[in-house]
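Colleague: Input: one structure, supplied below.
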Amino acid sequence: MVLGGDEELAGLLCTHRAKSGFAAALRAVAQKKLERLRQRQAQGEYVPAMEFVRAYLRLDDPEKTFAALAKACAERNVFALLLKSDPAYDRLRKDRRFTTILERNGLA
33 MVLGGDEELA
43 GLLCTHRAKS
53 GFAAALRAVA
63 QKKLERLRQR
73 QAQGEYVPAM
83 EFVRAYLRLD
93 DPEKTFAALA
103 KACAERNVFA
113 LLLKSDPAYD
123 RLRKDRRFTT
133 ILERNGLA
């Protein structure tokens, strides 16, 4: 299996899926991606905050997701424009903080 050309992530997905199920496998992949983001950042590379938003979303960590989301909007990243329509953010829509972020950025 090849996951976007990333054999390491594909291996993680297969291993964790066999042991703990698909949800645990997706979580393991998200955790690995988050580690990679942090490594890139530690090496001085610019990593858009929106990439952290997506990782924390997959890890189901609302506090870190909202912190990264506020930072992403402050960066004026083009991906913030997708907040209102991207189904990836559906889990956040019920939270008042999400509405506040949309309003602050003229997206409500």
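Taking my numbering, the leading residue of the sequence shown gets 33, the next gets one more, and so forth.
Just so you know, even glycine gets a beta-carbon here, dropped at the ideal spot from N, CA and C.
It should be emphasised that the depicted structure is a prediction, and the values quoted were computed from it without experimental measurement.
#1: Who are the near neighbours of residue 137 in its chain, counting only those whose CB is closer than 7 angstroms to its CB and skipping five residues on each side?
#2: Take the Cβ of residue 100 as the centre, count every other Cβ of all protein chains shown within 10 Å, and call the residue buried at 16 or more, exposed below.
#3: Using the Cα positions of residue 56 and residue 107, report the straight-line distance between them to the nearest angstrom.
#4: Which class does residue 83 belong to by DSSP, given the choice of helix, strand or coil?
#5: According to DSSP, simplified to helix, strand and coil, what is residue 71?
#6: Assign residue 130 to buried or exposed, taking buried as 16 or more other Cβ atoms, counted over all protein chains shown, within 10 Å of its Cβ.
#7: For residue 170, which of helix, strand or coil comes out of DSSP?
Modeller: The short version:
#1: Excluding positions up to five away in sequence, the list reads 105 and 112.
#2: So residue 100 ends up on the buried side.
#3: Between residue 56 and residue 107, the alpha-carbon positions lie close to 32 angstroms from each other.
#4: If DSSP states are grouped into helix, strand and coil, residue 83 belongs with the helices.
#5: Helix at residue 71.
#6: For residue 130, the number of other beta carbons within 10 angstroms of its own is at least 16, and it is reported as buried.
#7: There is no way to answer for residue 170, as the model of the chain reaches only from 33 to 140.
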